[in-house]
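Novice:
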Amino acid sequence: MGLRKAFLLVVALLPAACSDDGPGAGPTGTTGRPPPGALAELPLARTEVASAVLSGRIVVAGGLTADGGASDRVDVYDAAANRWDPGPPLPLGLHHAGMAAVADRVYVGGGYTNRPGQDWVAQSRVLSLGAGDRSWREEPALAGARGGLAMAAAGGWLVAVGGTDAQGRFLARTEMHMPGQRSWAAGPEMIEPRDHLAAAASGGRIYAIAGRLGSLESNRATVESWDPAGGTGWRPEALLNDTRGGTSAAEAGGRPCVAGGEEPAGTIGSVECLSGGRWSRVATLQTPRHGLAVAGLGDRLHVIAGGPEPGLFVSGAHEAFTVR
């Protein structure tokens, strides 16, 4: 069954927000090098993207474009050169997908596909890409189609959590996959079902962070963690300071961090990181966004693209923060 979402058909093409050590870049979609000290914007503004790190470079895949269609675009960021390069396109447009890296490959799974104005169709396909590959490789599919899920990897396991299935049901489902195996296995269910959640791996544990149950009013501050290499189930962790859905997370500076999201009042600008059993607000986005990419390169947390207002707004904004 296709899912139709009531998005505002409005587009915001905003200037990129700056990192904590430089001014903002130029208008979204421009070409050439950014001004000195600014981080290069994502070349094509979009929201509801997926991201992971491959061989020290940030890969941003898919998303919704300004016309409401699913994008097959892949962009790869080289932080040393402050440059985006085109990556091999996905074999289909995807948004609200999960993405994570295991060893020398990144994996994209689930999500929705659609053309502008069409219903969203949940997917179970999983695709992978290695450094230097010219195309994506088909991998064993998830047990069922779902979008709005999150993915992370720890202990060599690729883990998919939460989301909404093809019938619109909110999932607590956990699936795990060891690359090279022929199928995904069922893991322990999360304590709380939700979609539009985030996931990050840190210290050998997978953290399932925030999310919602449909409306923006249902945003959660819930955090759970699980060790896929030997844990028996998910355990509750300290709550976030801010409830949020449509968010994203990654590890930076050895800490799981979460950024952005949307709520009835607008988009969320706070960035929170976990340390010593509690979450702390460590930064504020200059361009608050939802449906964004969050990726860690060492102690630098990069926050890329996403919608600067709830609904179908898009941006190529790129900010980064140092996490210690």
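Take the working numbering: the final residue in the sequence shown is number 360, and no numbers are missing along the way. For each residue, glycine too, the CB sits at the ideal point set by N, CA and C.
(1) Determine the direct distance from the alpha carbon of V95 to that of P122, and round the result to whole angstroms.
(2) Could you give the residue range of the beta strand (DSSP E) that holds G223?
(3) Does DSSP put L207 in a helix, in a strand, or in coil?
(4) Measure the CB-CB distance between L185 and G168 and report whether it falls below 9 angstroms.
(5) Is R230 buried or exposed, if buried means 16 or more other CB atoms sit within 10 Å of its CB?
(6) Would you kindly work out how many angstroms separate the C-alpha atoms of L163 and S171, rounded to a whole number?
(7) In the DSSP assignment, the beta strand (DSSP E) including G134 goes from what residue to what residue?
(8) Compute the beta-carbon to beta-carbon distance between T323 and A353, rounded to the nearest angstrom, for a pair I have assumed lies under 8 angstroms.
(9) Can you tell me whether Q159 is buried or exposed, with buried defined as 16 or more other CB within 10 angstroms of its CB?
(10) Which residues in the same chain as G282 place their Cβ atom closer than 6 angstroms to its Cβ, once the five residues preceding and following it in sequence are excluded?
(11) Mark S251 as exposed unless 16 or more other C-beta atoms lie within 10 angstroms of its C-beta, in which case mark it buried.
(12) Could you check what DSSP says for S351 in three-state terms: helix, strand or coil?
(13) Please report the Cβ distance between L130 and V144, rounded to the nearest whole angstrom; I am assuming they are in contact, meaning their Cβ atoms lie under 8 angstroms.
(14) Mind checking which residues open and close the beta strand (DSSP E) that includes I94?
(15) Determine the direct distance from the alpha carbon of D103 to that of F357, and round the result to whole angstroms.
(16) So, at 7 angstroms on beta carbons, what are the nonlocal neighbours of T149 in its own chain, with the 5 sequence-adjacent residues on each side left out?
(17) Please tell me whether A139 and G191 are closer than 9 angstroms, where the distance is taken between their beta carbons.
(18) Going by the CB atoms, is the gap between D278 and S306 shorter than 9 angstroms?
(19) For the beta strand (DSSP E) that V339 lies in, which residues bound it at each end?
(20) With DSSP collapsed to three states, give me the class of L252.
(21) With distance defined between alpha-carbon atoms, name the residue in E211, I227, M226, D108 nearest to W5.
(22) Can the beta-carbon of R280 be found closer than 9 angstroms to that of S311?
(23) Which partner residues does I245 have in the DSSP bridge list?
Specialist: Looking at the coordinates:
(1) One-based indexing of the sequence shown puts residue 122 at position 86. One-based indexing of the sequence shown puts residue 95 at position 59. Straight-line measurement puts the Cα of V95 at about 10 angstroms from the Cα of P122.
(2) As a position in the sequence shown, residue 223 is number 187, starting the count at 1. DSSP places G223 in the uninterrupted beta strand (DSSP E) bounded by 221-223.
(3) Numbered from its first residue, the sequence shown carries residue 207 at position 171. In this structure, L207 counts as coil in the three-state DSSP scheme.
(4) For this step, residue 185 is matched to residue 149 along the sequence shown. For this step, residue 168 is matched to residue 132 along the sequence shown. The answer is no: Cβ separation not under 9 angstroms.
(5) Numbered from its first residue, the sequence shown carries residue 230 at position 194. With 16 or more other Cβ atoms inside 10 Å of its own Cβ, R230 counts as buried.
(6) By one-based count along the sequence shown, residue 163 stands at place 127. By one-based count along the sequence shown, residue 171 stands at place 135. Taking the straight line from one Cα to the other gives about 10 angstroms.
(7) In the sequence shown, residue 134 corresponds to position 98, counting from 1. DSSP places G134 in the uninterrupted beta strand (DSSP E) bounded by 134-138.
(8) Locating residue 323 in the sequence shown gives position 287, where the first residue counts as 1. Locating residue 353 in the sequence shown gives position 317, where the first residue counts as 1. That belief holds up - the Cβ atoms of T323 and A353 are roughly 4 angstroms apart, short of 8 angstroms.
(9) For the purposes of this step, residue 159 is taken as the residue at position 123 of the sequence shown. Counting Cβ neighbours within 10 Å, Q159 comes out buried, since at least 16 surround it.
(10) The residue labelled residue 282 in the question sits at position 246 within the sequence shown. Sequence-distant Cβ neighbours of G282 in its own chain, meaning closer than 6 angstroms and more than five residues away, are H232, G297, E298, H326, G327.
(11) Mapped onto the sequence shown, residue 251 falls at position 215. Classification for S251: exposed.
(12) The residue given as residue 351 occupies position 315 in the sequence shown. Strand, per DSSP.
(13) Taking the sequence shown and counting its residues from 1, the one referred to as residue 130 is at position 94. Taking the sequence shown and counting its residues from 1, the one referred to as residue 144 is at position 108. Sure, about 7 angstroms apart at Cβ, within 8 angstroms.
(14) Residue numbering aside, residue 94 sits at position 58 when the sequence shown is read from its first letter. For I94, the enclosing beta strand (DSSP E) starts and ends at 93-97.
(15) The residue you call residue 357 lines up with position 321 of the sequence shown. The residue you call residue 103 lines up with position 67 of the sequence shown. Roughly 31 angstroms between the two C-alpha positions.
(16) Position 113 of the sequence shown, counting from 1, holds the residue named residue 149. Apart from sequence neighbours up to five positions away, the residues of its chain that approach T149 with a beta-carbon distance below 7 angstroms are A106, L128, G129, L130, V157, Q159, ordered along the chain.
(17) Within the sequence shown, residue 139 is the residue found at index 103, counting from 1. Within the sequence shown, residue 191 is the residue found at index 155, counting from 1. No, these two residues do not count as a Cβ contact at 9 angstroms.
(18) Stepping through the sequence shown from its first residue, residue 306 is reached at position 270. Stepping through the sequence shown from its first residue, residue 278 is reached at position 242. D278 sits close to S306, with the two beta carbons spaced by under 9 angstroms.
(19) For the purposes of this step, residue 339 is taken as residue 303 along the sequence shown, with counting starting at 1. It spans 336-340 - the beta strand (DSSP E) in which V339 sits, taken as one unbroken run.
(20) Counting from 1 along the sequence shown, the entry for residue 252 is found at position 216. DSSP places L252 in helix when its eight states are reduced to three.
(21) Lying before the first or after the last residue shown, residue 5 is absent from the chain, which here runs from 37 to 360.
(22) What you label residue 280 is simply residue 244 of the sequence shown in a count that begins at 1. What you label residue 311 is simply residue 275 of the sequence shown in a count that begins at 1. Result no, Cβ atoms of R280 and S311 do not sit closer than 9 angstroms.
(23) For this step, residue 245 is matched to residue 209 along the sequence shown. Assignment of beta-bridge partners to I245 by DSSP yields A234, V259.
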